[in-house]
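Sequence positions in the sequence shown follow the working numbering and run 72 to 166.
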Amino acid sequence: MGKAEKFGVLKKGSIGMLRFIAGKLQGRPSLSREGHFVVIATEGKEPKRFVIKLDYLNNPEFLKLLKQAEEEYGFSQEGVLELPCPPDELQRILS
72 MGKAEKFGVL
82 KKGSIGMLRF
92 IAGKLQGRPS
102 LSREGHFVVI
112 ATEGKEPKRF
122 VIKLDYLNNP
132 EFLKLLKQAE
142 EEYGFSQEGV
152 LELPCPPDEL
162 QRILS
């Protein structure tokens with residue numbers, strides 16, 4: 072059984088990632104404002120925390136980062152969602 076099947080998500084597309092993020096947001100004390108979620112850009116000298124609007128789940132560049140995170144860390148990642156990119160790259164995408 073593949074990793075995606077094991078966690079009950081689709082193998083391709085962003086639906087699996089969206090389910091993963093929604094699962095992380097449900098049942099946890101709020102660490103961010105309503106309509107937002109927290110990620111950490113992990114590459115570079117120092118990781119940086121970002122509070123992201125849910126609207127960015129429609130941004131193709133942001134979805135590429137989520138796909139990279141899925142490939143690198145899988146769906147079993149605990150805690151804050153980590154993105155394998157430098158903070159300045161994430162800042163550029165969010166600008």
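We treat Cβ as the ideally placed atom computed from N, Cα and C, and that holds for glycine.
Problem set entry | Residue from 131, 153, 106, 117 whose Cα sits closest to the Cα of residue 125 | Your numbering for residue 125 matches position 54 in the sequence shown. The shortest C-alpha separation from residue 125 is found at 106.
Exercise. From residue 143 to residue 155, what does the alpha carbon distance come to, in whole angstroms?
Worked result: For the purposes of this step, residue 143 is identified with residue 72 of the sequence shown, where counting begins at 1. For the purposes of this step, residue 155 is identified with residue 84 of the sequence shown, where counting begins at 1. Residue 143 and residue 155: Cα-Cα distance of roughly 8 Å.
For this session: Please classify residue 104: does DSSP put it in a helix, a strand, or coil?
Result: In the sequence shown, counting from the first residue as 1, residue 104 sits at position 33. In this structure, residue 104 counts as coil in the three-state DSSP scheme.
For this session: State the CB to CB distance for the pair residue 165 and residue 127, rounded to an integer number of angstroms; the pair is presumed to be in contact (CB under 8 Å).
Result: The residue you call residue 165 lines up with position 94 of the sequence shown. The residue you call residue 127 lines up with position 56 of the sequence shown. Yes, residue 165 and residue 127 are in contact; Cβ-Cβ is about 7 Å, under 8 Å.
Exercise. Taking the alpha helix (DSSP H) that residue 138 falls in, what are its first and last residues?
Worked result: Taking the first residue of the sequence shown as 1, we reach residue 138 at position 67. Start and end: 131-144.
For this session: With DSSP as the reference, please indicate the residues paired to residue 66 in a beta bridge.
Result: What the structure shows of the chain is the stretch from 72 to 166, and residue 66 is not part of that stretch, so it cannot be assessed.
Exercise. Out of curiosity, what's the CA-to-CA distance linking residue 137 and residue 158?
Worked result: What you label residue 137 is simply residue 66 of the sequence shown in a count that begins at 1. What you label residue 158 is simply residue 87 of the sequence shown in a count that begins at 1. Between residue 137 and residue 158, the C-alpha separation is close to 14 Å.
For this session: Closer than 6 Å by C-beta to residue 111: which residues in its own chain qualify, once you throw out the five before and the five after it? Chain order, please.
Result: Looking up residue 111 in the sequence shown gives position 40. If we look at residue 111 and ignore the five residues flanking it on each side, its Cβ neighbours are 118, 120, 151, 153.
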